[in-house]
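A.B. asks:
Protein chains: 2
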Amino acid sequence: MGDFEMNAQTNRNANPGGLDALFRPRSIAVIGASDDSRKIGGRPIRYMQEAQSTVKVYPVNPTRPQVQGLKAYPSAAAIGEPVDQAIIAVPARQAEEAVADACAAGVRSIVMFTAGFAEAGEEGAAAQARILKMIRDSGARLLGPNAMGSFNTADQIFSTFSTAMDRGTPAVGRVGMVSQSGAVGSYLQNLVISRGMAISKFVATGNEADVQAAECLEWMAQDADTDVLMLYMEGCRNGPALVRALRTARRMKKPVIVFKAGRTEAGQTVAASHTGALAGSVQVFDTVLREAGAWSCQTLTEMVDVTYACAQGRLPVDKTLAIITVSGGVGVMSTDAAMEAGIELPPISKATLAAIQAELPLAVGLNPVDTTAQTVGDRTILTRTVERVLRDRPFGSAMLFFSNVGRNAKDMAILAEPLAALRAEFSQMQLALCVQTTPEFKQQLEGLGYLIFEDPAFCVKALAAAAELSLLRGLPLELPDVREIEPISLRQSPDEAQSKAILAKARLPFAEEHVAASADEAVAAAEAVGYPAVIKVLSAQIAHKSEVGGVALNLKDAAAVREAFARVIGNAGQAEPDADIRGVTVAPMIVGGVQTIIGAHRDSTFGPVVMFGLGGIYTEILKDTVLRTAPVTREAALDMIRSIRTFSILDGARGQEKADLDAIADAIVAVSHFIAAQGPEVESVEINPFIALPKGGFGVDALIHIGQA
Amino acid sequence: MGDFEMNAQTNRNANPGGLDALFRPRSIAVIGASDDSRKIGGRPIRYMQEAQSTVKVYPVNPTRPQVQGLKAYPSAAAIGEPVDQAIIAVPARQAEEAVADACAAGVRSIVMFTAGFAEAGEEGAAAQARILKMIRDSGARLLGPNAMGSFNTADQIFSTFSTAMDRGTPAVGRVGMVSQSGAVGSYLQNLVISRGMAISKFVATGNEADVQAAECLEWMAQDADTDVLMLYMEGCRNGPALVRALRTARRMKKPVIVFKAGRTEAGQTVAASHTGALAGSVQVFDTVLREAGAWSCQTLTEMVDVTYACAQGRLPVDKTLAIITVSGGVGVMSTDAAMEAGIELPPISKATLAAIQAELPLAVGLNPVDTTAQTVGDRTILTRTVERVLRDRPFGSAMLFFSNVGRNAKDMAILAEPLAALRAEFSQMQLALCVQTTPEFKQQLEGLGYLIFEDPAFCVKALAAAAELSLLRGLPLELPDVREIEPISLRQSPDEAQSKAILAKARLPFAEEHVAASADEAVAAAEAVGYPAVIKVLSAQIAHKSEVGGVALNLKDAAAVREAFARVIGNAGQAEPDADIRGVTVAPMIVGGVQTIIGAHRDSTFGPVVMFGLGGIYTEILKDTVLRTAPVTREAALDMIRSIRTFSILDGARGQEKADLDAIADAIVAVSHFIAAQGPEVESVEINPFIALPKGGFGVDALIHIGQA
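As they're listed, the protein sequences go chains D and H.
Going by the working numbering, the first residue of the first sequence is number -2, and it counts up by one from there.
Going by the working numbering, the first residue of the second sequence is number -2, and it counts up by one from there.
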């Protein structure tokens, strides 16, 4: 990773304009051009010929006078005309020579198909580093190596060997696609085309020696030909660049739909061997995406569905949905799906239902509205019913389940005009038809401005995602200022008492506590805080005090404290003979309240994040924790608290008093600002437990971990 | 529901043979026959004509001499030939007359399309009851009313108005489909056909006045023309009949794939208004399905995918999967999907990988095996690689991700023969191709015996489901005998001490405990059990003792017991003035152990079930409980314990001693036998908490709830 991190920081072309050289060349040399149009080195030539591209293509092949009917050159440098881009499709052992040739020809960008570099071991990594240096020296940009390339439909540039092109030159569309994996990208390309969409720009970034997915995403977010962005990732080499790209997309009001593979530990292991990018924490990645207003998918199907729901350029204004269905059963399953996706189904008025029932006596339900099978003989009632429902009250979206009508020419002939009228009347509403249809009728219905789905649950889920994307892009883009907190400057982790003192300055409240170096001091401290008291061994080297017998609870008098002091110091010394033991901390015994954990750490990809959860098994076994990038606002902290699954425990479940959420939120905010203000050597902070009381709350234990900066 | 329950118990034709009259008529009268072939009363006539069916069809329509070219009759009774079945497609107001006519004609079955009965309110329910009586008196069977009907492709019988038939007469297949909802059924029919499968028998049961989904399922489970069963349900009117049908299917080795709509509370409300069937507990329904070896789906897409994975008649022998992929990224996402679906990816040997790398130097991974893009130019290497992997060790299934090859005629021409050879060599293995393909190539590949999927995650999930169905059908069908426990005979719920005494006889261990009616008796009891002691108010009317101040803990001497007795009795009397307070129970104070809950109740649809979970918030807030139908074996009880999400708390998490799982299992078994042996008046039993100790365990509190039998 060392190389990649360096690259991320030294990219000269951090401005998106730097990628014009990649996406908009007007002349391309194909080094390693093949006369076989099925081979990697033959495909881009064939694709541009099939597209009748106006881009100048120069095959470079020293063994042939012609390649696929075009004059071939012995080298790029020998072309003798200006060449904007070189595609490199030679075997790995000839790659460095080819790069040198391209640089000599003065190209501004290189698209490197050739594989066998950083992904193939140390030798390959060294060769990749040498290539990168050549590119840097020449001022060109490099896509790859091991990249499937890029294309630009509007300008008929197909610098790719994507096999999805086998179905013909792709139509010009408005979906931008960025994939780290070439094969996933070309497969997605095909799925997107099969779904009736078309692509504006495509890039598969491969080894990302220079150009990375995030930079491509940011460039496409500013591309006038692109409205919706798809991003497939396995690992992110530059977190801040990705965040910046996502925020640019949000500012440009372009929905970003992301598939991040490697959700499981096993999947991450495979990912590491695939692209060499560290997979990183799934939870942090999801947090970053959500905060930036992107949609994170679990399957390719979901990714294509959500993109499709956004690709007509109309997003639902809110999460309300009207369901009009010819099937009560579909009403049931769609309601299930709506509840699970957080979609609301506001009821229409009884008067409207009564009006519907005047035509359809058996119609039932205020939302879903079930027409029953009564419309089988006369489909015109169907659209009249839809019209009545949609006029009843505003909805963000409507799903019309019309069953098999899209396979029936007579039904379609009857429905086309009223469906067009509905589309015109409810122009702001997202309208989806859930229907089985022939390809021709599907196209016709899409032409009218309807989304077409087959599975009602998928339809509801995609509408929910589109509504969420719509709402997220309305949220403010401002980030909270980081409080002015003096960075601590420590070479090693402070002990508990020092940690608390540091955090107290950052506005964290702690229980009263005294440090005692002797039994006498411990007794004096216990008298000061009051009995019963608690003593805990104090050593920067002992993080888990209970496990070494370093804690004594519920000490009721001086004798007990004295005895406990000796025991605790003795236990700790025996368990950790090398630990530097400063003595003990003495604090009052606390009863009641809810144990929570407030933590923060520095993610290797995305930087400081803050964490909240309930204590003990809730965090350790149930993994019921929530993250945000730090710092957070008070509103965000309250949202964190409310979003744990076990929130009801803080909210007065089982007859207990409600915890003081504001006090917890203040502590989360304080920890988040603390970590954000620190240098990279501060790896993590944990306040465990932070006791949330009905009024107030305070930390009982705290640890700051210092690593190697 | 009263009517339906009665029907369930009084069905005379509980033997599946009773449905031959429904599925295999040789002559059919269509009462309410329409000359318009798009109307409900016209469709079955058109469908049978289009199919050139040999079944005799008699249109009944008093206003016309001919209907769709066939001679029409004024009534069914006037046909003058034997008529096996009547389809009724008249308006609701004429329906009773039509039924009377059909009965007079001597039909053995009636398929009643007409709607507006029990689903439409009280008046309709009364009419439905009258119709049912007519049918019962005549000895015929009734499908519906409000039913989309049934069909039988092998015998060309299409007693349905399903609009899915608009795409032509369905091919003869081996998938049996049972749906409570007509519209969902016809939609599923179309999805199944679009997926390249074909149907043997179809039925949509509508209001289920007589014939219910469960009986149809059992009939199809015994149908020689049917291999795989699909069941769509919203609510079950007869739990035992459904269990019997599912068990019959399992005995016949026919996989059952179920979609149960109404998973959420909102969905259940919609379901209740749709078919009038009570939705019932989702958790119990899922438990019953799993126990019976059926697969429960969340979406129609999943239902079709899993059916498809089973429909070729080959199920994976186990849950091992080999993944060979041209895309590392797909390897990553498929690994994620495999982990989430509980699929194993056993590694191939390094020697095999080395052999693969001899041809494909960049190939990587032991499973998934990633060929990388090196095969783009020569696809024959692909199948040689697959062969090497599959020869390396046995797998239950293999997924070959070949990306876009199914859209490339040259690739297909190269691959067809080696794919056929692979299929022949690994004849026991389930082989799935994850690939984008034209419809023609898809058919060709399916013809070779490959399953074809587009989404790798869906493919893995369907293979996992098929493997699970394969493993489940190997499990024994025997049910445990119910222990001989004398049913208790009580008119009202016993108090805690009585409940414990009853359950102790059923082999449940409880902590030592004494009943004390006075402070003196309480002190004597505390001396007997030892200090510290606990006292709890004893009253059959007070279930939640803590909440009325009826519990005193940690009483260390006689004075404390005496004081607590007065306080507890006083608190309880004040909180529940009408309660009959027998005194208190006195028990030793227990420290340590894990609080669990063992409960049982009588589900209104499926009968006695037993429940296990951890105490307090785990059950109440996290809903982390597990069910089984009662009684259970010890193995099943252990499986229940291990399947809660928080099992690690019992298994020594956080350095605690492991709980005695056998002791918990014995208690679950005992409770399960107890509830199973009782009469219907015993509604529920709860032992809360049952304390699980490192050695042994015992109940601390117990309640038996008696309802109205």
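Note that the Cβ used here is the ideal one computed from N, Cα and C, for glycine as well.
Taking Cβ positions, are V531/H and L550/H nearer each other than 8 Å?
C.D. replies: yes
A.B. asks: With DSSP run on the structure shown, which of helix, strand or coil describes K502/D?
C.D. replies: helix
A.B. asks: Flag A660/D as yes if its beta-carbon sits less than 8 Å from any beta-carbon of chain H, otherwise no.
C.D. replies: no
A.B. asks: Just the chain D side, please: which residues come within less than 9 Å of G590/H by C-beta, in chain order?
C.D. replies: Residues of chain D passing the Cβ test: none, with the nearest at roughly 15 Å.
A.B. asks: So, helix, strand or coil for I711/H, using DSSP?
C.D. replies: No answer is possible for residue 711/H: the residues shown for chain H start at -2 and end at 706.
A.B. asks: Assuming E267/H and V225/H are in contact, meaning their beta carbons sit under 8 Å apart, how far apart are those beta carbons, in whole angstroms?
C.D. replies: The question names Glu, but residue 267/H in the sequence shown is Val. Contact doesn't hold; Cβ gap of about 29 Å is too wide.
A.B. asks: What would DSSP say about R9/H, mapped onto helix, strand or coil?
C.D. replies: Because R9/H sits at a pLDDT of 37, beneath the cut-off of 50, its placement in the model cannot be relied upon, and the point is left open.
A.B. asks: For V108/H versus G146/H, is the C-beta spacing smaller than 8 Å?
C.D. replies: yes
A.B. asks: Is there a Cβ from chain D that is less than 8 Å from the Cβ of K407/H?
C.D. replies: Taking a beta-carbon distance threshold of 8 Å, K407/H counts as an interface residue toward chain D.
A.B. asks: My output table needs one value for K439/H: the three-state DSSP class, helix, strand or coil.
C.D. replies: helix
A.B. asks: What's the call for S346/D, buried or exposed, on a 16-neighbour Cβ count within 10 Å?
C.D. replies: exposed
A.B. asks: How is the beta strand (DSSP E) around M769/D delimited, first residue to last?
C.D. replies: Here chain D covers residues -2 to 706 and nothing more, so residue 769/D does not appear.
A.B. asks: On the DSSP bridge list, what partners appear for R599/H?
C.D. replies: Answer by DSSP bridge pairing, in chain order: P605/H.
A.B. asks: Look up V432/H in the DSSP assignment and give the residues it is bridged to.
C.D. replies: S400/H
A.B. asks: Mapping DSSP to helix, strand and coil, what is C233/H?
C.D. replies: coil
A.B. asks: Near P22/D, which residues of its chain fall below 6 Å by C-beta distance, leaving aside the five closest residues on each side in sequence?
C.D. replies: Excluding five sequence positions before and after P22/D, the CB atoms of its chain that fall closer than 6 Å to its own CB belong to D81 and Q82, given in chain order.
A.B. asks: Find the nearest neighbour of L476/H within the set P628/H, F687/H, M230/H and R287/H, judged by alpha-carbon distance.
C.D. replies: P628/H
A.B. asks: Using beta-carbon positions only, say whether L448/H and A429/H come within less than 8 Å of one another.
C.D. replies: yes
A.B. asks: Pick out whichever of P41/D, R599/D and I578/D has its Cα sitting closest to the Cα of P491/D.
C.D. replies: I578/D
A.B. asks: Could you give the residue range of the beta strand (DSSP E) that holds I345/H?
C.D. replies: Premise fails: I345/H is in no beta strand (DSSP E) and is neither H nor E.
A.B. asks: Select from G471/D, A352/D, G236/D and A123/D the residue whose C-alpha is nearest the C-alpha of V606/D.
C.D. replies: It is G236/D whose Cα lies nearest to the Cα of V606/D.
A.B. asks: Can you tell me which of the three DSSP states Q427/D falls into?
C.D. replies: strand
A.B. asks: Throw me the rounded Cβ distance for the R244/H and L474/H pair, which I believe falls under 8 Å.
C.D. replies: 6 Å
A.B. asks: Beta-carbon of T296/D versus every beta-carbon of chain H: anything under 8 Å?
C.D. replies: yes
A.B. asks: Three or more C-beta pairs closer than 8 Å, one from the segment 115 to 132 of chain D and one from the segment 147 to 159 of chain D: is that the case here?
C.D. replies: Contact fails: fewer than three Cβ-Cβ distances are below 8 Å.
A.B. asks: For the alpha helix (DSSP H) holding H541/D, just list the boundary residues, first then last.
C.D. replies: Unbroken run through H541/D: none, as it is neither H nor E.
A.B. asks: Does the beta-carbon of E483/D have 16 or more other beta-carbons within 10 angstroms, so that it is buried, or is it exposed?
C.D. replies: exposed
A.B. asks: Where do the N-terminal and C-terminal ends of the beta strand (DSSP E) with L781/D fall, by residue?
C.D. replies: Residue 781/D is absent from the model: chain D starts at -2 and stops at 706.
A.B. asks: Which complete beta strand (DSSP E) runs does the segment 509 to 540 of chain H hold, if anything under 3 residues is left out?
C.D. replies: 511 to 513 and 530 to 535
A.B. asks: Within 10 angstroms of its Cβ, does A556/H collect 16 or more other Cβ (buried), or is it exposed?
C.D. replies: exposed
A.B. asks: Which term fits V54/H, buried or exposed, when burial requires 16 or more other beta carbons within 10 angstroms of its beta carbon?
C.D. replies: buried
A.B. asks: Measuring CA to CA, which of G649/H, A454/H, I646/H and I128/H is closest to E299/D?
C.D. replies: A454/H
A.B. asks: At a Cβ cut of 8 Å, what residues of the segment 531 to 562 of chain D count as close to chain H, listed as they run along the chain?
C.D. replies: E544
A.B. asks: Under 8 Å between C-beta atoms, does L226/H make it to chain B?
C.D. replies: Looking at the structure shown, chain B is missing, and the protein chains on hand are D and H.
A.B. asks: Whole angstroms is fine: what's the gap from I196/H's alpha carbon to A168/H's?
C.D. replies: 7 Å
A.B. asks: Which stretch, first to last residue, makes up the beta strand (DSSP E) that contains K198/H?
C.D. replies: I196 to A201
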